[in-house]
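My numbering applies: residue 38 is where the sequence shown begins, and numbers increase by one. To keep things clear, I will list the structure first and then write my remarks on it.
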Amino acid sequence: MRSASTWGRGVVMAAAVMAATACGATRGPMEKVTIPKGASFRVAAESLAAHGLIRSPRLFGVYATVLRRDRTMRYGTYMLARGTSWHELLNDLRRGKGIVHVVTIPEGYDLSQIVPLLAASLDVSRDSLEMAIRDSTLRRELDVPTPSLEGYLFPDTYIFPDQITAHEAVAAMVHRFQQVWKPEWDALADSLKLSRHDVVTLASIVEREVRKRDEGPVVAAVYLNRLRTRMPLQADPTVTYALGKRPGRVYYRDLRVNSPYNTYKVLGLPPGPIGSPGLASLTATLNPAKVPYRFFVAHPDGHHEFRTTYREHLAAIQMVRAAARVDSAAREAAAVRAARDSAARAAGAPLESLPTLNARPKTKRP
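Okay, structure coming up:
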């Protein structure tokens with residue numbers, strides 16, 4: 038005669054088998070599930086349940102234990118379909134089938150930033166990625182009539198399969214750009230007397246210049262106005278790109294660099310994009326504001342002052358510099374006050390007993 042505990046285990050096992058065989062009839066939507074490195078099978082089962090892939094973590098654990106699959110699990114991020122049978126789920130976890138790599142390419146990144154990011158996220162080398170990017174056959178297959186894919190690896194969040202190759206990853210990003218580019222955009226580009234490549238190039242500059250999105254169409258208009266009047270663009274981001282520097286402050290000595298990308302020296306657009314523009318910058322470039330501005334100067338917080346004439350521009354520069362000095366003095370005063378407050382709290386003394394920055398020594402009157 039069976040003991041109560043044996044009978045109980047049999048009931049639990051029967052329930053687990055019934056639950057396992059009840060799944061898998063119809064497949065539902067895909068769910069992204071991450072099983073962290075070092076996670077126990079119980080944690081993995083609870084994560085599957087939280088995403089609606091199984092109903093009972095306990096019964097799933099019993100089923101896996103009986104099949105001796107509770108210790109053969111690959112960690113990672115999976116894309117798994119609801120309705121998958123328990124047997125298939127265990128096989129997927131054991132083989133790593135369905136493991137994906139989630140990679141986010143920030144807007145404005147250039148190839149020198151994208152390549153190491155992809156190499157660190159995928160099981161591919163930098164060399165293989167650089168070879169794929171330089172592959173002229175791949176560019177022809179992707180219908181990109183330029184000597185480089187700079188600007189065409191669209192910035193987005195990608196979910197790549199585990200065994201993706203460098204060529205496949207690069208192709209997927211270019212295809213994403215082609216999906217984003219709307220058919221009606223070609224007509225907008227024509228109305229601006231720009232090719233698609235010109236639009237991507239100008240949008241990549243706008244991407245690097247703009248920190249406040251609502252200024253994108255105005256910045257694009259400034260550059261288009263300069264192009265129409267045959268003024269040099271004088272775009273600082275093109276200089277940092279020519280120097281191979283990260284976006285940042287540009288010095289006068291930097292403006293002397295001999296490069297077709299130096300728009301202080303070369304008239305018109307540079308030969309190609311200086312990074313991958315996002316949707317907002319592409320849209321802003323194709324829909325520039327109707328303004329007469331040809332100059333702008335940036336405040337420390339990133340927003341710009343726009344002007345039409347050079348004289349107005351010089352006045353705006355002085356205004357921005359004066360405002361920056363006032364702001365810097367205010368920050369310095371605030372820092373001094375904070376230091377005094379901190380010192381007073383540490384010493385347990387009243388604030389008024391501490392010397393101030395402009396305090397004068399007291400002297401006795403004769």
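Heads up, the beta-carbon is just placed ideally off N, CA and C, and yes, glycines get one too.
Closest by C-alpha distance to residue i, when choosing among the options
| i | options | result |
| --- | --- | --- |
| residue 208 | 173, 269 and 133 | 173 |
| residue 149 | 300, 345, 243 and 282 | 282 |
| residue 285 | 247, 93 and 87 | 247 |
| residue 75 | 68, 111, 89 and 84 | 111 |
| residue 106 | 114, 129, 121 and 85 | 129 |
| residue 186 | 87, 241 and 264 | 241 |
| residue 180 | 212, 169 and 153 | 212 |
| residue 190 | 199, 198, 220 and 167 | 167 |
| residue 346 | 268, 302 and 274 | 268 |
| residue 302 | 291, 311, 309 and 310 | 291 |
| residue 142 | 195, 183, 127 and 109 | 195 |
Alpha-carbon spacing of residue i relative to residue j, whole angstroms
| i | j | result |
| --- | --- | --- |
| residue 206 | residue 136 | 15 Å |
| residue 73 | residue 324 | 45 Å |
| residue 361 | residue 157 | 40 Å |
| residue 43 | residue 89 | Interpretation of residue 43 is limited by its pLDDT of 46, a score under 50 that renders its predicted location unreliable; no figure is taken from the coordinates. |
| residue 357 | residue 188 | 32 Å |
| residue 68 | residue 258 | 43 Å |
| residue 47 | residue 132 | Because the pLDDT at residue 47 is just 47, under 50, the model does not fix this residue reliably, and the value given afterwards should be weighed accordingly. Cα to Cα, residue 47 sits roughly 29 Å from residue 132. |
| residue 162 | residue 202 | 10 Å |
| residue 243 | residue 95 | 54 Å |
| residue 332 | residue 343 | 6 Å |
| residue 274 | residue 160 | 32 Å |
| residue 61 | residue 93 | Caution is warranted here: a pLDDT of 49 is assigned to residue 61, below 50, making its placement in the model unreliable, and no coordinate value can be reported. |
Collapsed DSSP secondary structure at residue i in the structure displayed
| i | result |
| --- | --- |
| residue 155 | helix |
| residue 198 | strand |
| residue 171 | helix |
| residue 58 | Annotation note: pLDDT 49 at residue 58 (below 50); position unreliable, coordinate value reported separately. The answer is helix: DSSP assigns residue 58 an H, G or I state. |
| residue 292 | helix |
| residue 347 | helix |
| residue 117 | strand |
| residue 142 | coil |
| residue 109 | coil |
| residue 396 | Because the pLDDT at residue 396 is just 39, under 50, the model does not fix this residue reliably, and the point stays unresolved. |
| residue 70 | strand |
Neighbour-count burial assignment, residue i, 16 or more Cβ in a 10 Å radius
| i | result |
| --- | --- |
| residue 341 | buried |
| residue 288 | exposed |
| residue 278 | buried |
| residue 351 | exposed |
| residue 115 | buried |
| residue 77 | exposed |
| residue 170 | buried |
| residue 304 | exposed |
The ligand MG heavy atom lying under 6 Å from the CB of residue i
| i | result |
| --- | --- |
| residue 207 | The ligand MG is not among the ligands present in this structure, which contains no ligands whatsoever. |
Within-7 Å CB hit, residue i to chain C
| i | result |
| --- | --- |
| residue 157 | Annotation note: the requested chain C is absent from the structure, which comprises a single protein chain. |
Minimum length 4: unbroken alpha helix (DSSP H) runs contained in the region 243 to 293:
Segments of the alpha helix (DSSP H) lying fully in the region 243 to 293: 253 to 265 and 273 to 280.
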